[in-house]
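Student:
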Amino acid sequence: MMDQKEKVAKSTTLVSSATFVSRLFGLIREQVFAFLFGAGFATDAFVAAFRIPNLLRDLFAEGALSAAFVPVFTDYLVNKDKKEAFRLGNLVVNALLVVLSVIVIVGILIAPVIVDLIAPGFGSIPGKSELTALLARIMFPFLLLISLAAVAMGMLNSLRHFGVPAFAPVLLNLGMILAGFFISPFFAQPIIGMAIGVLLGGLGQWACQIPTLRKEGYRYKPVLSFSDPGVKRIILLMTPAILGLASTQINIFVNTIIASLLPQGSPSYLNYSFRLMHFPLGVFGVAVATVTLPVVATYAAQKDVPNVLSTCASSLRLVFFLTLPSIFFLSVGARPIISVLYQHGRFTFTDTIFTSQALIFYAIGLFAYASVRVIAPVFYSFGDTKTPVKVSVLAVAVNIVLNLSLMRPLSFKGLALATSLSAMVNMFTLMSLLRKRIGPLDLCDLSSHFLKMLGCSTFMGAVLWAFQKAVPLNLESAPLLNKVLYVLALCLLALGSYVLASLLLKIKELSLVVGIFRKKK
Numbered sequence: 009m010m011d012q013k014e015k016v017a018k019s020t021t022l023v024s025s026a027t028f029v030s031r032l033f034g035l036i037r038e039q040v041f042a043f044l045f046g047a048g049f050a051t052d053a054f055v056a057a058f059r060i061p062n063l064l065r066d067l068f069a070e071g072a073l074s075a076a077f078v079p080v081f082t083d084y085l086v087n088k089d090k091k092e093a094f095r096l097g098n099l100v101v102n103a104l105l106v107v108l109s110v111i112v113i114v115g116i117l118i119a120p121v122i123v124d125l126i127a128p129g130f131g132s133i134p135g136k137s138e139l140t141a142l143l144a145r146i147m148f149p150f151l152l153l154i155s156l157a158a159v160a161m162g163m164l165n166s167l168r169h170f171g172v173p174a175f176a177p178v179l180l181n182l183g184m185i186l187a188g189f190f191i192s193p194f195f196a197q198p199i200i201g202m203a204i205g206v207l208l209g210g211l212g213q214w215a216c217q218i219p220t221l222r223k224e225g226y227r228y229k230p231v232l233s234f235s236d237p238g239v240k241r242i243i244l245l246m247t248p249a250i251l252g253l254a255s256t257q258i259n260i261f262v263n264t265i266i267a268s269l270l271p272q273g274s275p276s277y278l279n280y281s282f283r284l285m286h287f288p289l290g291v292f293g294v295a296v297a298t299v300t301l302p303v304v305a306t307y308a309a310q311k312d313v314p315n316v317l318s319t320c321a322s323s324l325r326l327v328f329f330l331t332l333p334s335i336f337f338l339s340v341g342a343r344p345i346i347s348v349l350y351q352h353g354r355f356t357f358t359d360t361i362f363t364s365q366a367l368i369f370y371a372i373g374l375f376a377y378a379s380v381r382v383i384a385p386v387f388y389s390f391g392d393t394k395t396p397v398k399v400s401v402l403a404v405a406v407n408i409v410l411n412l413s414l415m416r417p418l419s420f421k422g423l424a425l426a427t428s429l430s431a432m433v434n435m436f437t438l439m440s441l442l443r444k445r446i447g448p449l450d451l452c453d454l455s456s457h458f459l460k461m462l463g464c465s466t467f468m469g470a471v472l473w474a475f476q477k478a479v480p481l482n483l484e485s486a487p488l489l490n491k492v493l494y495v496l497a498l499c500l501l502a503l504g505s506y507v508l509a510s511l512l513l514k515i516k517e518l519s520l521v522v523g524i525f526r527k528k529k
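In structure tokens form, the structure reads like this:
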């Protein structure tokens, strides 16, 4: 019988595959942005405007809500029955409809005030604050749509359906891609079409999950009770989780405020690079976390602490194995990768240089972003809501101090570095406290695996660096086909060198992942 470690890895493979498709469409979406709008006035306005519902999404939907909802919903499935669990799902859906509708309406009304707070530097450029406020008003209802999608995702993940929820974000990206070509041309400010695309994509992301839920027996019912014990448990978990899991988004939000004070284009460089960094984070880190959460929640409901810790440790090793080489690949190959993806239309070679600089500093913290996604929900599964909050507040404070310290000497690059360093503080503090509060997580074993995988990744990075020195390519004038082939060569070299180093150092996660692919084949 397949052990839990292999089950998590197998499900992670499924989620990674679906997420890969989603992130691929996300990159195409960013290419459309770069082609149509470049890095400047309109893109800066959209980035800042989208930060508002995006931050609230992480607070109320994909971050805190998922972390609070999945353990309680799973507990109902384990200790009650599916009917009671679906009733809880309906109570949460209707509570969200009431609460978030109010938040959306208020947000639309006070959008100009919010824009002045998050992007104070835009006021010095005529029309930039006004455009940002208009875009924010259009996109505010996205919060409600994506929250409903998050509840559907939580129910499906708890029922061990991972593929459809992981594929659902494709609809969000597809909505924005199509809007760029078919809706934007109808507006005097074409970027407005992209904002409408966000709404259409959010609607699609929610709707595509409903058929699978219905097959499981779910039916919507208009029931509402904020005093229901299950709803109360979710609210109690969710309230501190809003800070506990949203530190990365809050850090990026702070970056947006400070970036608006830097030279025009800075918010765009940070956004393009952060989106690219999110590709491996989603395909690997978030995929592992998505699969781990319902497994950990099930063990927590059964009071099985040893298996909780074992699952958490094996998931962290898998995160390290997948994200550490991604750091070196993105850092060493930053310029050719960004040139292939974004350097079209109004996105210039100069924009490629600046975006690649931001990407390098963002990528440094990739393993930490992913690890926090795995570790923080373990605390919530055991009802510990205070620890992640305290650690999150610490991480945000560190980020703000580093932002202010690094913005002058490093400009926008300092903001990306501050985000990475604060994520590391978040990760290492959570890992240490998990061992003290819940059980003896073997940090020595994790450290040993981390160093081995870091060594393999360093070797891979050296191979890529040597290749670029031996076979240089003029990214400013080279044809697109040449650049694509160059990046493909980097991918093959990266894969080959990392697998070789992993074989030499006998990294167990390599055989685990390869074994799963062989079985699927």
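For the numbering used here, add 8 to where a residue sits in the sequence shown, where the first one is 1.
Positions of the beta carbon are idealized from the N, C-alpha and C atoms, including for glycine.
Bear in mind that the values here come from a model prediction, so they are computed numbers and not experimental data.
Whose C-beta lies closer than 6 Å to the C-beta of residue 362 among residues of the same chain, with five residues either side of it excluded?
Tutor: Mapped onto the sequence shown, residue 362 falls at position 354. Once the five neighbours on either side are set aside, the close Cβ partners of residue 362 are 277.
Student: Which value, in whole angstroms, describes the spacing of the CA atoms of residue 25 and residue 357?
Tutor: Counting from one through the sequence shown, the residue named residue 25 turns up at place 17. Counting from one through the sequence shown, the residue named residue 357 turns up at place 349. Roughly 32 Å between the two C-alpha positions.
Student: Rounded C-beta distance between residue 79 and residue 388? I'm assuming under 8 Å.
Tutor: Residue 79 sits at position 71 when you count from the first residue of the sequence shown. Residue 388 sits at position 380 when you count from the first residue of the sequence shown. Contact flag correct, Cβ pair sits at about 6 Å.
Student: Quick one: grab the DSSP three-state call for residue 528.
Tutor: Residue 528 sits at position 520 when you count from the first residue of the sequence shown. Because residue 528 sits at a pLDDT of 47, beneath the cut-off of 50, its placement in the model cannot be relied upon, and the point is left open.
Student: What does the alpha-carbon distance come out to for the pair residue 89 and residue 96?
Tutor: For this step, residue 89 is matched to residue 81 along the sequence shown. For this step, residue 96 is matched to residue 88 along the sequence shown. Near 11 Å, if we compare the C-alpha coordinates of residue 96 and residue 89.
Student: With a cut-off of 8 Å, do at least 3 Cβ pairs link the region 113-125 to the region 137-154?
Tutor: yes
Student: Which residues bound the alpha helix (DSSP H) around residue 187?
Tutor: The sequence position of residue 187 within the sequence shown is 179, counting from 1. According to the DSSP assignment, residue 187 belongs to the alpha helix (DSSP H) that extends over 177-190.
Student: Hey, residue 378 and residue 303: beta-carbon distance below 9 Å or not?
Tutor: As a first step, residue 378 is located in the sequence shown; it is residue number 370 there, counting from the start. As a first step, residue 303 is located in the sequence shown; it is residue number 295 there, counting from the start. Contact flag unset, no.
Student: Is it a yes or a no for the region 480-488 touching the region 433-453, going by three-plus beta-carbon pairs under 8 Å?
Tutor: no
Student: Does the beta-carbon of residue 62 have 16 or more other beta-carbons within 10 angstroms, so that it is buried, or is it exposed?
Tutor: As a first step, residue 62 must be located in the sequence shown, where it is residue number 54. Buried: at least 16 other Cβ atoms inside 10 Å.
Student: With a threshold of 9 Å between beta carbons, is residue 354 in contact with chain D?
Tutor: Looking for chain D here will not work: only one protein chain is present.
Student: Three Cβ pairs or more, each shorter than 8 Å: is that satisfied between the region 427-437 and the region 309-327?
Tutor: no
Student: Using a threshold of 9 Å, state whether the C-beta atoms of residue 380 and residue 28 are closer than that.
Tutor: Position 372 of the sequence shown, counted from the start, is the residue given in the question as residue 380. Position 20 of the sequence shown, counted from the start, is the residue given in the question as residue 28. In this structure, residue 28 does not lie closer than 9 Å to residue 380 by Cβ.
Student: For residue 93, which residues from the same chain have a beta carbon less than 7 Å from its beta carbon, with the 5 sequence-adjacent residues on both sides left out?
Tutor: Counting from 1 along the sequence shown, the entry for residue 93 is found at position 85. These residues qualify, in order along the chain: 81, 84, 85.
Student: Should the region 333-348 be called in touch with the region 389-396, which here means at least 3 C-beta pairs below 8 Å?
Tutor: By the criterion of at least three beta-carbon pairs nearer than 8 Å, the region 333-348 is not in contact with the region 389-396.
Student: Do residue 427 and residue 275 count as a contact pair if the criterion is CB distance below 9 Å?
Tutor: In the sequence shown, counting from the first residue as 1, residue 275 sits at position 267. In the sequence shown, counting from the first residue as 1, residue 427 sits at position 419. Cβ distance not < 9 Å, so residue 275 and residue 427 don't count as in contact.
Student: Quick check: the Cα distance between residue 166 and residue 226, rounded to an integer number of angstroms?
Tutor: Within the sequence shown, residue 166 is the residue found at index 158, counting from 1. Within the sequence shown, residue 226 is the residue found at index 218, counting from 1. Taking the straight line joining both Cα atoms gives about 13 Å.
Student: Under a Cβ-count criterion, where at least 16 other Cβ atoms within 10 Å of its own Cβ denotes burial, should residue 222 be classed as buried or exposed?
Tutor: Within the sequence shown, the letter at position 214 stands for residue 222. Exposed, since its Cβ has fewer than 16 Cβ neighbours within 10 Å.
Student: Can you tell me the Cα-Cα spacing of residue 9 and residue 101, whole angstroms?
Tutor: Sequence index remark: in the sequence shown, residue 9 carries index 1 (1-based). Sequence index remark: in the sequence shown, residue 101 carries index 93 (1-based). At residue 9, the pLDDT of 38 sits below 50, so the modelled position is not reliable; the number obtained from the coordinates is stated separately. Their backbone Cα atoms lie some 37 Å apart in a straight line.
Student: Suppose you measure from the CA of residue 160 to the CA of residue 175; what does that come to, to the nearest Å?
Tutor: Taking the first residue of the sequence shown as position 1, residue 160 is located at position 152. Taking the first residue of the sequence shown as position 1, residue 175 is located at position 167. In a straight line, the C-alpha of residue 160 is about 13 Å away from that of residue 175.
Student: By how many angstroms is the C-alpha of residue 320 removed from the C-alpha of residue 430?
Tutor: Here residue 430 corresponds to residue number 422 of the sequence shown, with the count starting at 1. Here residue 320 corresponds to residue number 312 of the sequence shown, with the count starting at 1. C-alpha separation (whole angstroms): 22 Å.
Student: Using only the alpha-carbon positions, how far apart do residue 269 and residue 130 sit?
Tutor: Stepping through the sequence shown from its first residue, residue 269 is reached at position 261. Stepping through the sequence shown from its first residue, residue 130 is reached at position 122. Approximately 8 Å between the Cα atoms of the pair.
Student: Quick one: any contact between the region 470-479 and the region 347-357, if contact means 3 or more CB pairs under 8 Å?
Tutor: When Cβ pairs closer than 8 Å are counted between the two stretches, the region 470-479 is seen not to touch the region 347-357, the count staying below three.
Student: Once DSSP output is grouped into helix, strand and coil, what is the label at residue 422?
Tutor: Position 414 of the sequence shown, counted from the start, is the residue given in the question as residue 422. Three-state result, residue 422: helix.
Student: Given a threshold of 16 other Cβ atoms within 10 Å of its Cβ, counted over all protein chains shown, does residue 391 qualify as buried or as exposed?
Tutor: As a first step, residue 391 must be located in the sequence shown, where it is residue number 383. Counting Cβ neighbours within 10 Å, residue 391 comes out exposed, since fewer than 16 surround it.
Student: Assuming residue 447 contacts residue 245 under a Cβ cut-off of 8 Å, what Cβ separation, rounded to an integer in Å, is found between them?
Tutor: For the purposes of this step, residue 447 is taken as residue 439 along the sequence shown, with counting starting at 1. For the purposes of this step, residue 245 is taken as residue 237 along the sequence shown, with counting starting at 1. With a Cβ gap of about 20 Å, residue 447 and residue 245 do not count as contacting.
Student: Between which two residues does the alpha helix (DSSP H) harbouring residue 286 extend?
Tutor: What you label residue 286 is simply residue 278 of the sequence shown in a count that begins at 1. According to the DSSP assignment, residue 286 belongs to the alpha helix (DSSP H) that extends over 274-288.
Student: Does the separation of the CB atoms of residue 517 and residue 326 fall below 9 Å?
Tutor: The count along the sequence shown starts at 1 and reaches residue 517 at position 509. The count along the sequence shown starts at 1 and reaches residue 326 at position 318. Judged by their CB atoms, residue 517 and residue 326 are nearer to each other than the 9 Å cut-off.
Student: For residue 482, does the three-state DSSP call read helix, strand or coil?
Tutor: By one-based count along the sequence shown, residue 482 stands at place 474. Of the three classes helix, strand and coil, the one that applies to residue 482 here is coil, per DSSP.
Student: State the DSSP-derived secondary structure class of residue 270, mapped to helix, strand or coil.
Tutor: As a position in the sequence shown, residue 270 is number 262, starting the count at 1. If DSSP states are grouped into helix, strand and coil, residue 270 belongs with coil.
Student: DSSP on residue 514, reduced to helix/strand/coil?
Tutor: Start at 1 with the first residue of the sequence shown, and residue 514 comes out as number 506. Three-state DSSP puts residue 514 in coil, outside helix and strand.
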